[in-house]
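Okay, so the sequence shown: first residue is -12 according to the numbering used here, each after it adds one.
Backbone N, C-alpha and C fix where the C-beta goes; we use that ideal spot for every residue, glycine too.
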Amino acid sequence: MIPFVDLKAQYAAIRTEVNEAIARVLESCEFTLGSEVAAFEQEFAAYCSARQGIGVNTGTSALHLALLAAGVGPGDEVITVPFTFVATVSAICYTGATPVFVDVDPQSYTMDPGGIEAVMTRRTRAIIPVHLYGQPADMDPISAIARKHGVVVIEDAAQAHGADYKGRRTGSLGDMACFSFYPGKNLGAYGEGGMVVTDDPGYARTIRMLRDWGAERKYHHVLKGYNYRLEALQGAVLREKLRHLDKWTEARRTAAAHYDRLLAGSGVQTPTPMCYARHVYHIYAIRTQHRAAWQATLQAQGIHTGIHYPTPVHLLPAFADLGYAAGRFPEAERAANEVLSLPMYPELTYEQCAEVSQSIRGLSASAGPAQHAPVRDRTQAQFAGTA
Ligand SMILES: Cc1ncc(COP(=O)(O)O)c(C=O)c1O
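Printed below as a string of structure tokens:
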């Protein structure tokens, strides 16, 4: 059996230090925020080359508070992509603003900067590019458009801890960046967690208040806030895990390189590392027009896969009120129909990659030549500075 992710293997490797960190919190009886969270905020912000980190209870809360700190509210519009996890879009709705979509680039699956200006209006207040699967969006053109129109850029970096764009770290590429520490993420808590990182002390101060009932100091509530505090147990566990993150990222990149090599020439479309990106492979997604059959066969062989995501957000029933019809975002829709995420985690071995690849080569050979609709060919080489 090859699982899709293997959190037990990771825990086995770090059991002693994690158990000690948990014991430290239990002994202190300091359960929410406190010194462990404060230390983790500093350590993770530094890891992202950002000055400030504000720990919150989920990645969704991080997005919600970043938007509020940017002044986004009812009547405003926020531009993002439909090919993402629903949380990106829900967080916009929490503020009362309207999500406005642009399609994704078919190779990177991230925001196509060429689509942004056509949907900007005088109500546009922010842009949220999503670093999907662990690959940063093409941030320079996005930031240039944002600057020109005076709107804020909030990175959705929930899947991209430690990824680089032209040698710069995710988390330092926009006005604010939002991370998730959901257990299966590249840096995952033992429960829920999230963080906003930013260089801007004003945003940081507002978010610090909003996550803790809008209080400037105890019982002095200057904003209508939330209970979005990060638990100390998660802060302590995440501090221990952060020390391993670079090693785990390298292991993911090695596993991705194994898949790339083992699937080369099979007719299966593997992920495209963009020239500007150092991909951290939260997800390794291939594309196939026979996805349902392939997934069922792999499952029967004990190989667990995932689909991220089967329906683009504009076609989900919950967002029907936005009024987007099928066909409006063809690249997102095509990707949603074809992507298949292979097992990916730092402990994945070469033998496991070989077993998965061999199964997929067999499926591909019996399916014939057309595994996916043709995509625009923008063959990319690794960016020289970050390869
Ligand atoms: C792209 C993206 N944005 C936002 C989130 C929300 O994070 P969380 O589950 O911690 O609320 C996730 C993770 O689930 C995600 O993958």
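| Check | Outcome |
| --- | --- |
| If you draw a straight line from the alpha carbon of Gln339 to that of Ala305, how long is it in whole angstroms? | 38 Å |
| Kindly examine ligand 1 and report whether one of its heavy atoms sits closer than 6 Å to the Cβ of Ser95. | no |
| By Cβ distance below 8 Å, which residues in the same chain neighbour Arg363 in space, the five residues on each side in sequence not counted? | For Arg363, the pLDDT reaches just 49, beneath the cut-off of 50, and the residue's location in the model is therefore unreliable, although a value from the coordinates is still provided. If we look at Arg363 and ignore the five residues flanking it on each side, its Cβ neighbours are Pro93, Gln94. |
| Taking 7 Å as the threshold (C-beta atoms), are Val267 and Gly149 in contact? | yes |
| Can you say whether Thr75 is buried or exposed, counting buried as having 16 or more other CB atoms within 10 angstroms of its CB? | buried |
| Quick check on DSSP: helix, strand or coil for Tyr190? | helix |
| Ends of the beta strand (DSSP E) at Ala65? | At residue 65 the sequence reads Val, which differs from the Ala that was named. Residues 64 to 67. |
| Can you grab the Cα-Cα spacing for the pair Pro116 / Gly175, in whole Å? | 21 Å |
| Curious, which full-length beta strand (DSSP E) runs of at least 3 residues does the segment 112 to 182 contain? | 139 to 143, 163 to 167 |
| With a 10 Å radius around its C-beta and 16 neighbouring C-beta atoms as the bar for buried, classify Ala313 as buried or exposed. | exposed |
| Note down, one range per segment and in chain order, each beta strand (DSSP E) of at least 3 residues found wholly within the segment 251 to 284. | 271 to 274 |
| Near His277, which residues of its chain fall below 6 Å by C-beta distance, leaving aside the five closest residues on each side in sequence? | Ala354 |
| Met163 and Gly40: beta carbons closer than 7 Å? | no |
| Report yes if the CB atom of Ser351 is closer than 7 Å to the CB atom of Gly254, and no otherwise. | yes |
| May I ask which residues mark the beginning and end of the beta strand (DSSP E) holding Gly42? | 39 to 43 |
| Do the segment 275 to 289 and the segment 43 to 54 touch if we need at least three Cβ pairs shorter than 8 Å? | no |
| Could you pull the start and end residues of the alpha helix (DSSP H) that Phe31 belongs to? | 21 to 34 |
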